[in-house]
Structures are given as structure tokens and as C-alpha cells.
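Q: Below is a structure I'd like to ask you about.
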DNA sequence: GGTAATCTTTCCAGTAACTGGAAGGTCAAG
DNA sequence: CTTGACCTTCCAGTTACTGGAAAGATTACC
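Chains as they are written, first to last, in the numbering used here: chain W, 2 to 133; chain H, 2 to 133.
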């Protein structure tokens, strides 16, 4: 499939997909006319990248995650140790998102925007009373 | 407190804190010697920024979140509608993180790195069999 | 078959969000 | 009163895109 189609299915702009190719993240086939030709597997990987980038992983981290995703020949211990450290990071991100969620819900529920100078939320936000 | 201290407490590099000041996200007091002087409230906000950035929100989105955080005078409906749309985004991110977590756990549990050409994970990854 | 619209290609420049480093001022310790 | 660890501003470089030009390919219509 052409890049426009892959873009629609992955949620990534065509520009970004070409950029990911430039930096060696994903190399699609080429059709006889020179057009890039994406397989469904490529599209899955693009969607995977779209998600991980949106969740705050850097491109280099995404490269690692993609390597895990694509793993076909690396040593088990190696793969597992990277996966485990990524899992810890994911766990942390989920917790932080829950705290942010809690804070915003609290705001929606309790702050009425009626010119009050101090909001009780300020106490609980930014992990001051929720983590570490 | 000085910027180095604020940096330690917020987890943001001093460089980044100065950059956030440049773009108008957070304006600390200045001591008589010209040094930036951060209050605990400033540090909370920096930590808040550190987290939201790490969770994949853009600086402009963080500006909105910070405005919610700081809200003291805006109309309730306005604040609530922004907060609600951010809550949806957070909900989505949590779901995506859970799926990523599930995928990686599956990888750690079932892929042994023993040269196998196709991993069963490929089916379930990237939301193909888990969402939408 | 012609041609206009809509792809696609590469390349180069611009933006967003930092990041590093130079040149110099400030401060606490010995 | 100097040494070292801070801090300041400024300017240049990096990462991760993003927009736009110029040109080739494909499809859609007459």
C-alpha cells in the first residue's frame, strides 16, 4: 500500500513516516514506480510508533521498543532486561497519569471558578501528596 | 530558592527551567543579586510540568493544564470543558499504556529469543487485537 | 489519446523544545 | 582574597518533526 494509505491507517503524517525511514526506524519495500510500499506488518509498526511517541517515549526509546517488537534473533536475557526496564517506566507513567487524572477530576468536581483565591487542589497536585 | 535547588526538586534541568521562563510558562521572583528565586509553589508547578511533558503532552497543552492548575479567576464552564477534554486524553493514554504493558509482559513471558522467526506477539500488538 | 487532479518522489528550509558551551558575575569556605 | 561552585545572558547545535517547492506517476474524465 502507498504512503497515504499507511498514513491514514497508522495515524502518522506521511512526512513523519518518511522521516522515520530517514533515521532508519522502518524501511518499506519500493514498488517498480519508486513509490514506497507498506505491508500490514509495516502499518502495525507505524501504529506502534505513533502510540509510543504519544506516550512520551523518545525516538530512541521507540527504537528499542520496536526492536523488542521485531525481535527475531537477539539473546533472551538482553531482550528481557530491556523489556523489564521499559515495563517499569510504563508502570510509572500509568501511576502519574492516574494522579493527573485524579487532580483534574477533583478540579472539575470542586472548583467552581467563582473567583476563589486558593484552590484546595494545589495541595494534592504534582505528586506532593500522592507519590514518591 | 535558587535554580539548582529547584532543578533538583522538580527533576527538570536548569536549562529547561530557564527555557520555560523564556516562553512564558513560569516566571519566578528575582533576588537582589539577579538570581532567580523559586517558591515551593513554583517548584510544584515545575514538577507538574516535568510530569505532563513526560506523559506526551505538548508544551502548549501543558500551558493549558498549568492554567487549570493555577486557575483563580476564569469562568467555570471554560475551565471544566478544557479539563474534561484533557481527562479524555488521559483516559486514552492510560488505556494505551496498559496495552503496551500487556504486550511487553507477553513478550517477556513467551518469547525466548531462540531464533524463532515469528513471534505470536505480533498479532496482539499495536492495538490490532486490543482496541478500537 | 489528452489533460487535469491527485497522488508520489526528493530536497531544502523552518519550527518546537530543548541542550551545550562560552564569557562573565556572585557567593561561601578556607 | 582566591578557589570553586554557583548563577547570569547569549548564541549555536540537536532532535523530531513540518511546510513547501519542483518534478515524476497514477487515476479520472472527456
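Virtual Cβ for every residue (Gly too), placed ideally from N, Cα, C.
It should be emphasised that the depicted structure is a prediction, and the values quoted were computed from it without experimental measurement.
Taking the alpha-carbon positions, what's the residue 88 (chain H) to residue 33 (chain W) distance?
A: For the purposes of this step, residue 88 (chain H) is identified with residue 87 of the second chain, where counting begins at 1. For the purposes of this step, residue 33 (chain W) is identified with residue 32 of the first chain, where counting begins at 1. Cα to Cα, residue 88 (chain H) sits roughly 47 Å from residue 33 (chain W).
Q: What does the alpha-carbon distance come out to for the pair residue 24 (chain H) and residue 51 (chain W)?
A: For the purposes of this step, residue 24 (chain H) is taken as the residue at position 23 of the second chain. For the purposes of this step, residue 51 (chain W) is taken as the residue at position 50 of the first chain. Each residue's Cα considered, the two are about 27 Å apart.
Q: Take the Cβ of residue 40 (chain H) as the centre, count every other Cβ of all protein chains shown within 10 Å, and call the residue buried at 16 or more, exposed below.
A: Residue 40 (chain H) sits at position 39 when you count from the first residue of the second chain. Burial call: exposed.
Q: Taking C-beta pairs closer than 9 Å, name the residues in chain W that residue 28 (chain H) reaches, listed in chain order.
A: Residue 28 (chain H) sits at position 27 when you count from the first residue of the second chain. Per Cβ cutoff of 9 Å: no residues; residue 28 (chain H) is ~18 Å from chain W at best.
Q: Just to make sure I have the definition right: I need the residues of chain W whose C-beta is within less than 8 Å of the C-beta of residue 102 (chain H). Which are they?
A: On the second chain, position 101 is the one that residue 102 (chain H) refers to. Neighbours of residue 102 (chain H) on chain W, chain order: 88, 91, 92 and 95.
Q: Please report the distance separating the alpha-carbon of residue 106 (chain W) from that of residue 27 (chain W).
A: Stepping through the first chain from its first residue, residue 106 (chain W) is reached at position 105. Stepping through the first chain from its first residue, residue 27 (chain W) is reached at position 26. Each residue's Cα considered, the two are about 39 Å apart.
Q: What would DSSP say about residue 9 (chain H), mapped onto helix, strand or coil?
A: Position 8 of the second chain, counting from 1, holds the residue named residue 9 (chain H). Helix at residue 9 (chain H).
Q: Give the DSSP bridge partners of residue 23 (chain W), in chain order.
A: The count along the first chain starts at 1 and reaches residue 23 (chain W) at position 22. The partner list for residue 23 (chain W) (beta bridge, DSSP) is empty, contrary to what the question assumes.
Q: Please check the pair residue 66 (chain W) and residue 80 (chain W), which I expect to be a contact at CB under 8 Å, by giving their CB distance rounded to whole angstroms.
A: Here residue 66 (chain W) is taken as the residue at index 65 of the first chain, counted from 1. Here residue 80 (chain W) is taken as the residue at index 79 of the first chain, counted from 1. Contact flag wrong, Cβ pair sits at about 11 Å.
Q: Against chain H, with Cβ distances strictly below 9 Å, would residue 66 (chain W) count as a contact?
A: Counted from its first residue, the first chain places residue 66 (chain W) at position 65. Residue 66 (chain W) counts as touching chain H.
Q: So what does residue 37 (chain H) bridge to, in DSSP terms?
A: As a first step, residue 37 (chain H) must be located in the second chain, where it is residue number 36. Paired residues: H:31.
Q: Taking the alpha-carbon positions, what's the residue 30 (chain W) to residue 58 (chain W) distance?
A: By 1-based counting over the first chain, the position of residue 30 (chain W) is 29. By 1-based counting over the first chain, the position of residue 58 (chain W) is 57. Cα to Cα, residue 30 (chain W) sits roughly 27 Å from residue 58 (chain W).
Q: Of all the options W:61, W:36 and W:46, which has the alpha carbon lying nearest to the alpha carbon of residue 10 (chain W)?
A: Working through the first chain from its first residue, we reach residue 10 (chain W) at position 9. Considering only alpha carbons, the answer is W:46.
Q: Can you grab the Cα-Cα spacing for the pair residue 109 (chain W) / residue 3 (chain W), in whole Å?
A: By 1-based counting over the first chain, the position of residue 109 (chain W) is 108. By 1-based counting over the first chain, the position of residue 3 (chain W) is 2. For residue 109 (chain W) and residue 3 (chain W), the distance between alpha carbons rounds to 44 Å.
Q: With distances taken between CB atoms, is the gap from residue 205 (chain H) to residue 98 (chain W) smaller than 9 Å?
A: With chain H covering 2 to 133 only, the question about residue 205 (chain H) has no answer from this structure.
Q: If you draw a straight line from the alpha carbon of residue 21 (chain W) to that of residue 53 (chain H), how long is it in whole angstroms?
A: Counting from one through the first chain, the residue named residue 21 (chain W) turns up at place 20. Counting from one through the second chain, the residue named residue 53 (chain H) turns up at place 52. Roughly 25 Å separates the two Cα atoms.
Q: Assuming residue 69 (chain H) is part of the alpha helix (DSSP H), what are its boundary residues?
A: Within the second chain, residue 69 (chain H) is the residue found at index 68, counting from 1. Residues 60-71.
Q: Please return the same chain residues whose Cβ sits closer than 7 Å to the Cβ of residue 36 (chain W), not counting the five positions on each side in sequence.
A: Here residue 36 (chain W) corresponds to residue number 35 of the first chain, with the count starting at 1. Result list for residue 36 (chain W): 3, in chain order.
Q: I want to verify the contact list: residues of chain H whose CB lies under 9 Å from the CB of residue 106 (chain W), in sequence order.
A: Numbered from its first residue, the first chain carries residue 106 (chain W) at position 105. Within 9 Å Cβ-Cβ: 84 and 88.
Q: For residue 123 (chain H), decide whether its Cβ has a neighbour in chain W, counting only Cβ atoms nearer than 9 Å.
A: Numbered from 1 along the second chain, position 122 holds the residue referred to as residue 123 (chain H). Confidence in residue 123 (chain H) is poor, its pLDDT being 44 and thus under 50, which makes the residue's placement too unreliable to answer from.
Q: Would you verify that the beta carbon of residue 60 (chain H) is, or is not, closer than 9 Å to some beta carbon of chain W?
A: Your numbering for residue 60 (chain H) matches position 59 in the second chain. It does not: the Cβ of residue 60 (chain H) has no partner Cβ on chain W nearer than 9 Å.
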